[in-house]
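Report on the following structure.
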Amino acid sequence: MAQFETHRYTITVPDTLARQIEQACVEEGRNRSELLREAFRFYLSNGPRQMTYARQGPAQERLKVEEDKDRLLEQWALMVESAPGFESIRAVSGDVDSVAGEPIA
Numbered sequence: 301m302a303q304f305e306t307h308r309y310t311i312t313v314p315d316t317l318a319r320q321i322e323q324a325c326v327e328e329g330r331n332r333s334e335l336l337r338e339a340f341r342f343y344l345s346n347g348p349r350q351m352t353y354a355r356q357g358p359a360q361e362r363l364k365v366e367e368d369k370d371r372l373l374e375q376w377a378l379m380v381e382s383a384p385g386f387e388s389i390r391a392v393s394g395d396v397d398s399v400a401g402e403p404i405a
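Quick note, the sequence shown lines up with residues 301 to 405 if you use my numbering.
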């Protein structure tokens with residue numbers, strides 16, 4: 301059987317987070333090491349941006365949704381401007397030079 305080298309870390313967390321960690325351990329029947337290993341794996345596989353939104357809460361989630369909507373609107377506007385099959389939309393919106401108040405580049 302293969303032996304894996306392990307490392308021990310000491311971390312400091314606020315009381316509220318410590319209580320949440322302990323509660324999660326009880327609810328899931330796992331120890332702190334298992335729970336924190338999973339949290340680090342999630343962070344490393346999903347990237348800091350995903351964790352940032354999860355950590356900051358609903359206001360930042362709404363911001364992320366708004367950023368996604370803006371990105372999709374920009375993609376749609378570019379597609380309408382140039383892709384075949386959108387001629388009728390271009391004819392109707394030919395005089396429009398912005399989408400949602402933002403200039404179309």
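Even glycine gets a Cβ: it sits at the ideal position worked out from N, Cα and C.
As the crow flies, the alpha-carbon of ARG371 is around 29 Å from that of PHE340. Counting along the chain, VAL326 sits inside the alpha helix (DSSP H) bounded by residues 315-328. When the Cα atoms are used, TYR309 and SER333 turn out to be separated by approximately 10 Å. Judged by their CB atoms, ALA318 and LEU335 are not nearer to each other than the 8 Å cut-off.
Short of 6 Å from the beta carbon of ILE311, and not among the five residues preceding or following it, lies no beta carbon of its own chain.
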